[in-house]
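A.B. asks:
Number of protein chains: 4
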Amino acid sequence: MKQTPLRSGMGRSTPDRILVQGRDLCRDLLGKISLSDMAWLEITGREPTPGESKVFDALLVVLVEHGMTPMAIATRLTYLGAPESLQAAVAAGLCGMGTTFAGTAEGAAKLVQDALRGTPGDADLDAMARDIVAERFGRKATIPGIGHPLHKPIDPRTPVLFALAEEHGIAGRHVALMRALSRAAEAASGKSLPVNATGAIGAVASDMGLDWRLCRGLAVIGRAVGLVGHIAEEIRHPMAREIWLRVEDETASNAAGEESGDA
Amino acid sequence: MKQTPLRSGMGRSTPDRILVQGRDLCRDLLGKISLSDMAWLEITGREPTPGESKVFDALLVVLVEHGMTPMAIATRLTYLGAPESLQAAVAAGLCGMGTTFAGTAEGAAKLVQDALRGTPGDADLDAMARDIVAERFGRKATIPGIGHPLHKPIDPRTPVLFALAEEHGIAGRHVALMRALSRAAEAASGKSLPVNATGAIGAVASDMGLDWRLCRGLAVIGRAVGLVGHIAEEIRHPMAREIWLRVEDETASNAAGEESGDA
Amino acid sequence: MKQTPLRSGMGRSTPDRILVQGRDLCRDLLGKISLSDMAWLEITGREPTPGESKVFDALLVVLVEHGMTPMAIATRLTYLGAPESLQAAVAAGLCGMGTTFAGTAEGAAKLVQDALRGTPGDADLDAMARDIVAERFGRKATIPGIGHPLHKPIDPRTPVLFALAEEHGIAGRHVALMRALSRAAEAASGKSLPVNATGAIGAVASDMGLDWRLCRGLAVIGRAVGLVGHIAEEIRHPMAREIWLRVEDETASNAAGEESGDA
Amino acid sequence: MKQTPLRSGMGRSTPDRILVQGRDLCRDLLGKISLSDMAWLEITGREPTPGESKVFDALLVVLVEHGMTPMAIATRLTYLGAPESLQAAVAAGLCGMGTTFAGTAEGAAKLVQDALRGTPGDADLDAMARDIVAERFGRKATIPGIGHPLHKPIDPRTPVLFALAEEHGIAGRHVALMRALSRAAEAASGKSLPVNATGAIGAVASDMGLDWRLCRGLAVIGRAVGLVGHIAEEIRHPMAREIWLRVEDETASNAAGEESGDA
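Residue numbers (the working numbering), protein chains in the order written: chain A, 17 to 279; chain B, 17 to 279; chain C, 17 to 279; chain D, 17 to 279.
#1: How is the beta strand (DSSP E) around D/G38 delimited, first residue to last?
#2: Are the C-beta atoms of D/M84 and some chain C residue less than 8 Å apart?
#3: On the three-state DSSP scale, how would you describe A/T94?
#4: Residues of chain C with CB closer than 8 Å to the CB of A/L22, please, in chain order.
#5: Along chain E, which residues have their Cβ under 7 Å away from the Cβ of C/A256?
#6: Under 9 Å between beta-carbons, which chain D residues line up against C/V220? List them in chain order, please.
#7: Let me know the secondary structure DSSP gives C/I162 once reduced to three states.
#8: Please confirm whether A/P99 has its beta-carbon closer than 8 Å to some beta-carbon of chain D.
#9: Mind checking D/M17: buried by the 16 CB within 10 Å criterion, or exposed?
#10: What are the boundary residues of the alpha helix (DSSP H) that includes B/R199?
#11: Suppose contacts are defined by Cβ-Cβ distances below 8 Å. Is B/V128 in contact with B/H190 by that definition?
#12: Which of the residues in the stretch 26-46 of chain D, read from start to end, lie with their CB under 9 Å from any CB of chain B?
#13: What residues in the stretch 102-120 of chain D have a beta carbon less than 8 Å from any beta carbon of chain A?
#14: For D/R62, which three-state DSSP category applies?
#15: Answer with buried or exposed for D/H253, where buried requires no fewer than 16 other C-beta atoms within 10 angstroms of its C-beta.
#16: In chain order, what residues of the same chain have a beta carbon less than 8 Å from the beta carbon of A/S205, not counting five sequence neighbours either side?
#17: Report the CB separation of C/A124 from C/R239 in whole angstroms; it is logged as a contact under 8 Å.
#18: Of all the CB atoms in chain B, is at least one closer than 8 Å to the CB of A/S50?
#19: DSSP puts A/T30 in a beta bridge; with which residues?
#20: With a threshold of 7 Å on Cβ separation, who are the neighbours of A/A121 within its own chain once the five nearest residues in sequence on each side are excluded?
#21: Could you tell me the alpha carbon to alpha carbon distance between D/L22 and B/T267, rounded to whole angstroms?
#22: Between B/S269, B/A248, B/A272, which has its C-alpha nearest A/R62's C-alpha?
#23: Do B/R146 and B/A200 come within 8 Å of each other at the CB atom, strictly closer than that value?
#24: Here's a check: name, in chain order, each residue in its chain whose Cβ is nearer than 8 Å to the Cβ of C/P169, leaving out the five neighbours to either side.
#25: Shorter than 8 Å from the beta carbon of B/A55 to some beta carbon of chain A?
#26: Thinking C-beta only, is C/I49 closer than 8 Å to C/C42?
#27: Taking C-beta pairs closer than 8 Å, name the residues in chain C that D/Q19 reaches, listed in chain order.
#28: With 8 Å set as the bound, which would you pick, yes or no: does the beta-carbon of B/R173 sit closer than that to a beta-carbon of chain A?
#29: Against chain A, does B/K126 count as a neighbour if the rule is that its beta carbon must be under 8 Å from one of theirs?
#30: What ranges does the alpha helix (DSSP H) occupy inside the stretch 70-156 of chain A, keeping only unbroken runs of at least 4 residues that lie completely in it?
#31: Sorted by chain position, which residues of the same chain lie with C-beta nearer than 8 Å to D/L110's C-beta, five sequence neighbours on each side aside?
#32: For a contact defined as C-beta to C-beta under 7 Å, what are the partners of A/L93 on chain D?
#33: In whole angstroms, give me the CA-to-CA distance for C/T65 and C/D73.
#34: Could you give the first and the last residue of the continuous alpha helix (DSSP H) run that contains B/H246?
#35: Just curious, the alpha helix (DSSP H) that B/L22 is in, first and last residue?
#36: Does the stretch 91-105 of chain C come into contact with the stretch 75-83 of chain C, if we say contact requires no fewer than three beta-carbon pairs (one atom in each stretch) closer than 8 Å?
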């Protein structure tokens, strides 16, 4: 078999040094770089500008915590079963970050990146948005990044993220198109369909030049932080056992009732 | 079944607000709090002091990247198989963060927290360290947080973390005991047994008041960042397929050779 | 909040009994039912017929082992890092069972189930297949379940699975359509595009009445068995550390060479 | 770096054949070997005897289903978030199979294997058991495989597994020691402390010659089957969303009450 050399610029170690992205971790980074700047460096291979730093930090912070999500509950239940493997409890929670919830940042970014790729700078974004909405609604598809079951008429996270992106000169055509999509979707449906947080993340990240395939990664980083937080609370004030026993008890009672003809 | 009420202070949502640890995410946190301060808030329920902020950021940054670790390779191989589930690729990598590698921050923190719990402030840490080392070496056990297969005579990350902890007034008896353990272990064994990075994390986190059961969580947060970085590089410059095919090819060739009597 | 009762027929326990699908585990199942019949019972809620039993067993066995796959390597690397969490090592390997590899059983089953739903029993399957192939090839999409990078001109697993399904009276229109898809795809492309193992699994499972959303589950069950097998070999003859060190060494050498201008 | 050759006997493929453990999958195994015999072959490298086949099947079947466990709930919640990644939902559930629940098969097997290693065939197992119990109870440790919170005075699965092991000539000193441990623990504590299902699995697997490090793997295989079953029911009769919304609603109500001074 012909071999292709394995190459990576992520990092390497010698007995007295750890190199990360070509920088000396201990001399150049540790104590000098924040976690979110480190995340940017890891993903893009370069340090962020001050504006990128500020906006990217917000993109990572926004999804850290959203209360007792299915992911948080799954992490707590897993920690109950395997407290010796905190990492596996976080992993279990992350596994649920798919198309139903926060994973939609990816779909939103793909939508606007695909739509704008190769188009001229003065393309009519409202017309583009109307076409996308018509095509999607025509086949009864939803528009990723648009609409929220709870946060209406607006998702309160979106204006903050968009304002930060504007303030730091990052908001561009991807953000503009995402806003146009919301307007077009609302016009076509007559319903409240705001840009939601994952739509805002996808659009701002796109204007920062990030590949759509990585946008779900921003949500994953933020939520990993939040899931460790849930384990911290679970250690202090456990609730996983109570949730489990309630579900077990209720399903067992209902099943027993049906078997004995009570139901 | 008697039910216990489910209580959580992590967060909750109303149509127009998202509350995180009792704060309004959009008004009080987003754009104002860094990711690592958010992590501290999630874990402890309060904002960090400036010194805690600085030191905690370093604790999270230090394990983000260590080159092509088994975890990074596992994440890349998983991404190859399921590129539509970036979150599961990160989860797969995190699952390997157990007792062999970075998970040892937990063991190191437990060791020093157990040893110091309830002891007077002027306890003789060197004597305590000698006793621990004698007991552990006596049953051929290793000392978590001490020694590194590559980084000798010192792990270069440790002095930076300890210096930051000193500078910001955080280093206390847990850090002192960890250092004493290294000295005692070196004296007893005649080998180079420096405090390694996970030992430093465990000791500093202990002096910050964090429960030992959470120390692995700091490593998990940092490494989640790094694993997203590895996926970013894998998208630009794939290597997972090459690693897989080499392993498959070599094992298949060797097996075929043995079956035909060549081996 | 209005609550909907939680109901489940999976199982429940009393102090002296464990009920599974309404049967007494210890009296009726244990020692009397095979693992694959138990899998069928769990998925469908009833015992299999003798023919279903035979065919379903083969569907589960066929994907157990395929050598050093990316999943097997990921499981071994994870076990290296967390040998105390065998379950997490299997979980890590399973996470890679997505759209690239064995997860395609799901796509294949969806394709034939969607195509046949509501059609008359004498529908022209060859015409249907030609239409599907034309539509897919027209948008440069592949056909799930068709083609294999290594196993050419046929995937040797497919005729065995199809023969078993015929022998036991299970093969029906879904199998017939899958075969027609292969013929149509080969005619349209001029290439060898056999029904592969996941295509065969998807088609046979569809003729057994299984929802397409569960077909990936059959692959998951089989592969979980295989991944435990890989851990067994890894315990006896470790290779994960060698794979890791080779990758780390080669990437570090290449990176160092580039930094010093050798590359 | 000096390389060690990578060797594996698990399997390999050529264009027209798939070899598994040196056998031709399509000619020798598929349609002829059951899933549990395949599991035995994968783990041990040889086909089971008829007695081993029967007993091993029971060891895998016994933990498939135990109702709405924390693992089953975690799998369902994960599937709710990422229905496109069934494999990740099973993986999330498996991650919880640690020291609290079924993972204890490993600890039980280690206990009896460590105790019996190198002892003469006529060693006094009752005395051995009394010593182990005294040592463990002395440091307030539990005895893995002994006692069950619900199944009292006996775990109904244990006598069935032990009877099967006796009937097929497999029960030996490991089973005898496990029984002796239960008697000794009951005598020392005055409480009902039966051998539980994981204790029985660990003891029987030990008498079959399996390494204690693999015993958790038997539970993992069985439970992977059960978790796919839970997803099948979740597709037909969803309950994950209801569980999530109840938890979210109750915690949010309680938090809001506390903030407004109602609590």
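C-beta: ideal position from N, C-alpha, C; glycine also.
C.D. replies: Taking the coordinates as given:
#1: Counting along the chain, D/G38 falls outside any beta strand (DSSP E), and DSSP gives it neither H nor E.
#2: yes
#3: helix
#4: V263, E266, T267, N270
#5: Any reference to chain E falls outside this structure, whose protein chains are A, B, C and D.
#6: Per Cβ cutoff of 9 Å: no residues; C/V220 is ~12 Å from chain D at best.
#7: strand
#8: yes
#9: exposed
#10: 189-205
#11: yes
#12: M26, G27, R28, S29, T30, L35, G38
#13: A104, A105, A107, A108, G109, C111, G112, M113, G114, T115, T116, F117, G119
#14: coil
#15: exposed
#16: F153
#17: Not quite, the Cβ-Cβ distance comes to about 17 Å (not below 8 Å), so this is no contact.
#18: yes
#19: A/R33
#20: T214, I217, G218, C231, R232, L234, A235
#21: 6 Å
#22: B/A248
#23: yes
#24: S208, P210
#25: yes
#26: no
#27: E258, R262
#28: yes
#29: no
#30: 86-97, 102-110, 120-132, 141-154
#31: M87, V236, R239, A240, L243
#32: P86, I89, A90, G112
#33: 12 Å
#34: 228-252
#35: Element bounds for B/L22: n/a, residue is neither H nor E.
#36: no
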